[in-house]
Structure formats: structure tokens, C-alpha cells
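**Student:** Got a structure for you, questions after.
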Amino acid sequence: MSHILALDQGTTSSRALIFDHAGQIVAMAQEEFPQHFPRSGWVEHDPMDIWNSQEKTARAALKKAGLAAKDLTAVGITNQRETTLIWERATGKPIGPAIVWQDRRTASFCDELERDGGGVPIERKTGLRIDPYFSGTKIRWMLDHVDGARVRAEKGELAFGTVDTWLLWQLTGGEVHATDPSNASRTLLYNIHEHAWDPELLKLLDIPESLLPEVKPSSGIFGEGAKGSVCEGVPIAGIGGDQQAALFGQACFQPGMAKNTYGTGCFLLMQTGDHAQKSENNLLTTAACQPGDEVRYALEGSVFIGGAVVQWLRDGLGIIQSAPEIEKLATSVPDSGGVFFVPAFSGLGAPHWDPEARGIIVGIERGTTAAHIARAAMEGICYQVADLLTAMDADAEVPLSELRVDGGASANDLLMQMQADLIQVPVVRPKCVETTALGAAYLAGLATGFWKDLDEIAAQWQVDKTFEPKISAAEAKARRRQWNRAVERSKRWTEDD
Ligand code: ADP
């Protein structure tokens with residue numbers, strides 16, 4: 091019993107990673123699964139694809155490592171958040187496709203809810219804002235649109251779960267219906283101050299309580315792998331939503347510590363300890379992973395288009411062949427030549443929250459080249475993260491002293507340097523950038539004594555590279571002023587369409 095298996099169930103692929111006691115990756119397997127877009131704004135997954143791909147990667151990772159279930163101390167789960175599933179308790183059969191976090195089908199209901207004043211209790215109790223992004227309105231949609239679902243839910247025949255709960259149900263052979271606070275806090279139904287499902291919010295969204303899983307600490311025994319399962323007899327001992335798991339995997343345990351993940355989008359989370367810091371600057375308050383009996387909170391801000399702008403330069407504009415190539419192209423010019431690129435392709439997220447904004451490239455002159463555009467695109471990612479950080483610093487009691495980074499695009503040194511310059515605090519990239527899976531492994535390992543305590547884990551976190559700010563504060567400020575002008579020009583673009 092010498093390893094931990096982390097299941098990392100993402101939006102486009104399922105991955106399984108095996109970690110040893112030093113927190114090193116021993117083996118990894120990954121499998122993509124189909125995305126379904128049945129209508130404009132709808133995004134669905136087949137719940138069985140989620141489970142089957144996850145199970146397959148778990149078996150593949152064990153095989154690669156030459157290990158069997160008996161060699162595992164525990165299993166941890168981390169997952170795409172907010173994605174919503176409902177299944178029959180008796181058979182485990184889903185009543186329909188999973189509605190993915192990106193799905194906008196409940197937008198008009200959200201507008202209605204907002205008009206009727208629902209925003210006030212929701213924000214006060216959940217730390218969120220009304221948006222189709224979160225699970226609550228998706229559950230309601232399923233109950234109202236799947237034949238017989240509401241009646242069956244009221245009879246207690248159905249179970250709701252986010253992806254963690256679905257995987258846990260499958261792994262335990264339908265024995266356990268549970269989740270953790272970091273996932274529960276993304277549903278619009280969980281009172282983060284009272285640590286319980288909230289009757290008023292359930293009523294507001296017309297959701298029967300009998301659907302809901304039990305909420306247990308993120309680190310603790312949830313159940314045991316069922317007979318014949320990939321983790322037969324192994325305790326499933328950790329659960330965390332992907333962004334909170336990454337915060338945990340980055341060992342951001344002290345209030346004021348923060349991480350930013352540079353993936354398709356960017357997710358900035360700051361640990362606020364046992365204090366649910368209310369945001370006055372358009373960020374979200376959310377439950378962080380809870381290592382023991384004490385609740386933990388985080389401030390969260392996300393930008394929709396991060397590394398995705400690099401994909402657009404590759405696939406849409408065709409000025410690079412692969413994502414990493416952007417670094418070389420951008421380095422071929424000393425600066426962006428006055429070009430600013432606001433990648434508001436699908437509106438702007440925190441702290442601007444403007445769904446009507448659209449992308450702009452501004453400041454183009456005769457001498458502008460593809461390299462300037464590439465550089466401006468990279469800066470556009472960093473300016474957006476800087477905007478989040480400014481909002482977070484304004485909310486937080488302690489200003490940020492360093493930013494820990496991870497995600498695919500954090501491999502880009504130039505990007506990380508630009509980030510440090512703009513935020514004027516050091517950017518620190520750890521050796522292990524698989525922080526999401528590592529976070530899930532840590533949660534599971536802590537619960538089973540594989541790792542002793544948070545100090546032992548914090549000691550494992552190692553720096554790969556630190557990027558110190560190289561421009562003056564005055565210069566950073568001047569650049570950000572220019573950026574703000576560009577952002578203003580991108581806002582409200584589709585308003586009069
Ligand atoms: P996700 O988990 O959201 O799928 P990843 O963490 O795998 O994302 O990161 C992939 C994203 O990072 C893609 O959008 C890609 O364009 C971008 N990316 C990958 N490598 C680089 C790089 N070297 N420089 C800039 N962007 C990159």
C-alpha cells in the first residue's frame with residue numbers, strides 16, 4: 091500500500107494519475123470523450139462516457155505503473171465543476187445527458203430569477219451570482235423537461251450529483267451518495283456559512299431536497315471501492331472541485347496565498363482560511379477544500395479566454411502551428427508595438443462581467459506584424475489576470491506576496507514574465523504543475539495517514555522557476571491604463587445587435 095490514485099475528470103478528457111509518497115507522478119493515463127452541442131448554447135456529456143473513460147484511464151494508469159488495487163492506499167477525485175447529472179437511485183441509470191457547466195440553456199430563467207430579486211439571498215448564502223454556469227438552474231431544467239422527473243424526484247427515486255458524486259456512486263456500486271463542500275458550493279443551493287443545503291434556495295429553485303447528496307469534508311473516508319471495481323476495497327478518501335483541488339495541490343493553505351491556472355480559461359483562487367470573505371469587487375466567494383472538520387473558503391475570479399486565445403491564433407488566424415510556438419514568435423519583437431488584444435470572444439468574466447463584450451485588437455499601424463499580434467494576445471491573457479488580482483487585492487485583508495501558477499500555458503516563460511511585470515509580484519511555477527490531481531491525491535492521502543499533515547505536504551511543494559517583476563511599478567501602471575481603455579472599447583459590443 092504505497093500509492094494514491096487520483097481521478098481527474100475534466101471537461102474534455104478523463105485522466106488518472108498515480109502518485110508516490112514524495113508526491114511524484116508514477117504513471118498517468120488520459121482519454122478524451124465526446125462533447126455534444128445539440129443546440130446553440132447547449133453543451134452535454136453522456137454520463138456513461140464520463141464514467142467509462144474515467145474507469146478505463148484508472149485501469150490503464152495502474153497497468154502502466156505495474157500496480158494493482160491492493161497497492162493503493164486511497165483514491166482521490168477531482169472534477170469539472172458545476173456539470174449536472176441526475177440518475178435513478180434504484181438502477182443508477184441517468185435520466186438524461188449531463189448538462190455541462192458551459193451550457194447556457196437556463197439563461198432566460200436566470201434573468202427571471204434576477205428580476206424577481208433572487209440574486210440577494212443567493213449571493214448572501216452561496217457567495218455566487220445568478221448565472222446558468224452553476225448547477226441549480228440546470229437541475230430545475232432537468233426536472234421540468236425530462237418526462238416524469240419531477241414526480242419521481244418528489245418520491246425520492248432520483249439522485250442529483252456533480253461529477254464527483256457520480257464517480258463516487260459508480261466506484262462504490264451505488265452505495266454512497268455524497269459530495270464535498272468545494273463542489274456543493276457551486277450549485278446555488280448550498281449555504282456556505284451554515285454548511286448545509288439551504289431550504290429557502292431549494293424553494294426558490296423548486297428543487298426537492300431528497301435529490302441531494304450528503305456533504306462531507308473534502309478529506310475523509312467517503313466509501314470503499316465496490317467488489318470488482320477498479321479500486322476494489324480501497325477507500326475513496328478525497329474529493330475536490332478542480333480549481334479548489336489545484337489550490338490545495340499548490341499548498342496554498344495560509345490565508346492570502348493564491349494560485350492561477352492558465353488553461354483554456356484562467357482561474358485565480360485565493361485562500362481566505364476560515365473567513366468567508368465577501369467580495370465587493372465582483373469576485374465569487376466559494377468553499378475551498380476542507381481538509382478536516384474546519385471549513386475553508388476562497389475568493390475566486392475567472393477569465394473565460396486564457397490559453398484559448400493561443401488556440402485561436404493557431405486555428406483561426408493560422409499565424410502559429412502549435413501553441414508553444416507563440417513564445418518564439420512573440421519574442422521576435424521587443425514589445426507589442428502599441429497593439430492591445432482584448433480576447434472577449436464570449437464576453438468578459440470577472441471582474442467586468444459583460445456578456446455583450448466581444449474581442450478587439452486595437453492600436454494596429456502600418457508596421458504591425460503577426461509577432462506584435464501574438465505578443466499582444468499573450469499580454470491580453472496577463473492583463474485579464476492582473477485585473478482579477480487587483481480585484482482580489484482590494485477584497486483581501488492581506489495583499490498578495492507571490493502568485494503560484496499552473497496549467498498548460500504556464501510552461502511559457504515569456505508569458506510568466508509578462509505576468510510578473512504587470513502584477514508587480516513574483517510569479518512562481520512549481521515543479522509539479524499537475525496540481526489539480528495532486529490536490530485530490532493530497533486530500534485522499536491526508537485522510538488515510540499516507541501523509542501526516544499539511545506541513546508535510548507544504549514541504550513537498552518545490553519551485554521550478556520564479557519570475558520577478560522586471561519593469562517599474564509606474565510602467566506597469568501606465569500599461570494597465572492603456573489596457574483599461576482597450577477593455578472599455580470591447581464592452582457592450584453586441585448590445586444593439
Ligand atoms: P485545459 O485543462 O483547460 O484543457 P490545459 O491546462 O491543458 O487546459 O492548457 C491548454 C491551453 O494552454 C490551451 O488553450 C493552449 O492553447 C495553451 N497553451 C499550451 N501550451 C502553451 C504555451 N507554451 N504557450 C501559450 N499557451 C499554451
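With this note's numbering, letter number 365 in the sequence shown gets 455, and the count goes up by one each step, no holes.
Glycine included, every Cβ here is placed at the ideal spot set by N, Cα and C.
#1: To the nearest whole angstrom, what separates the beta carbons of L544 and P424, a pair I think is in contact under 8 Å?
#2: Going by other Cβ atoms of all chains shown within 10 Å of its Cβ, with 16 needed for buried, is G313 buried or exposed?
#3: In terms of residue numbering, what span does the alpha helix (DSSP H) encompassing A148 cover?
#4: My guess is that K349 and A366 are in contact by the Cβ rule of under 8 Å, so how many angstroms apart are they, rounded?
#5: Between P124, Q120, G217, which lies nearest to L97 when the distance is taken from Cα to Cα?
#6: Extract the residue ranges of the alpha helix (DSSP H) inside the segment 251-299, only unbroken runs of 4 or more that lie entirely within it.
#7: Taking C-beta to C-beta, are H285 and P298 nearer than 8 Å?
#8: Within the continuous beta strand (DSSP E) that includes E390, where are the two ends?
#9: Three or more beta-carbon pairs under 8 Å between the segment 199-211 and the segment 239-250, yes or no?
#10: My output table needs one value for F557: the three-state DSSP class, helix, strand or coil.
#11: For G251 versus L152, is the C-beta spacing smaller than 8 Å?
#12: Any heavy atom of the ligand ADP inside 7 Å of the beta-carbon of Q401?
#13: If you draw a straight line from the C-alpha of L528 to the C-alpha of T538, how long is it?
#14: Which partner residues does L248 have in the DSSP bridge list?
#15: Closer than 7 Å: is that where the CB of N502 sits relative to any heavy atom of the ligand ADP?
#16: Please determine whether the Cβ atom of P414 lies at a distance below 7 Å from any heavy atom of the ligand NAD.
#17: With distances taken Cα to Cα, identify the nearest neighbour of H235 among I185, I282, T262.
#18: Does the beta-carbon of A335, which I'm using as the reference point, lie nearer than 7 Å to any heavy atom of the ligand ADP?
#19: How is the alpha helix (DSSP H) around E202 delimited, first residue to last?
#20: What residue does the beta strand (DSSP E) around N169 start on, and which one ends it?
#21: Would you kindly work out how many angstroms separate the C-alpha atoms of L358 and T525, rounded to a whole number?
#22: Below 8 Å between beta carbons: does that hold for T354 and A316?
#23: For A481, name the three-state secondary structure that DSSP assigns.
#24: With a threshold of 8 Å, are at least 3 pairs of Cβ atoms found where one atom belongs to the segment 112-126 and the other to the segment 558-570?
#25: Beta carbon of G166: closer than 7 Å to some heavy atom of the ligand ADP?
#26: Is Q340 helix, strand or coil by DSSP?
#27: Assuming the contact rule is C-beta atoms closer than 8 Å, V475 and C356 should be a hit. Round their C-beta distance to whole Å, please.
#28: Determine, using beta-carbon pairs with one atom in the segment 490-506 and one in the segment 410-423, whether at least three such pairs fall under 8 Å.
#29: Which word fits L301, buried or exposed, when buried means at least 16 other C-beta atoms lie within 10 angstroms of its C-beta?
#30: Would the segment 479-499 and the segment 442-454 be scored as touching if the rule is three or more Cβ pairs under 8 Å?
#31: Pull up the distance between the alpha-carbon of R129 and that of D193, whole angstroms please.
#32: Quick one, are the C-beta atoms of W231 and A447 less than 8 Å apart?
#33: So, at 8 Å on beta carbons, what are the nonlocal neighbours of D221 in its own chain, with the 5 sequence-adjacent residues on each side left out?
#34: Kindly examine the ligand ADP and report whether one of its heavy atoms sits closer than 7 Å to the Cβ of T216.
#35: Taking the alpha carbon of Y473 as the point to measure from, which residue in L438, V518, G100, G498 has its own alpha carbon closest?
#36: How about T525: is its Cβ closer than 7 Å to a heavy atom in the ligand ADP?
**Tutor:** Quick look at the numbers:
#1: In fact, because the Cβ distance is near 44 Å, the residues do not count as touching under 8 Å.
#2: buried
#3: 137-155
#4: The Cβ separation is near 19 Å, so there is no contact.
#5: Q120
#6: 253-261, 271-274, 289-295
#7: no
#8: 387-393
#9: no
#10: strand
#11: no
#12: yes
#13: 15 Å
#14: E178
#15: yes
#16: This structure does not include the ligand NAD; its bound ligands are the ligand ADP.
#17: I185
#18: no
#19: 197-205
#20: 162-169
#21: 14 Å
#22: no
#23: helix
#24: no
#25: no
#26: coil
#27: 5 Å
#28: yes
#29: buried
#30: no
#31: 10 Å
#32: no
#33: C200
#34: no
#35: L438
#36: no
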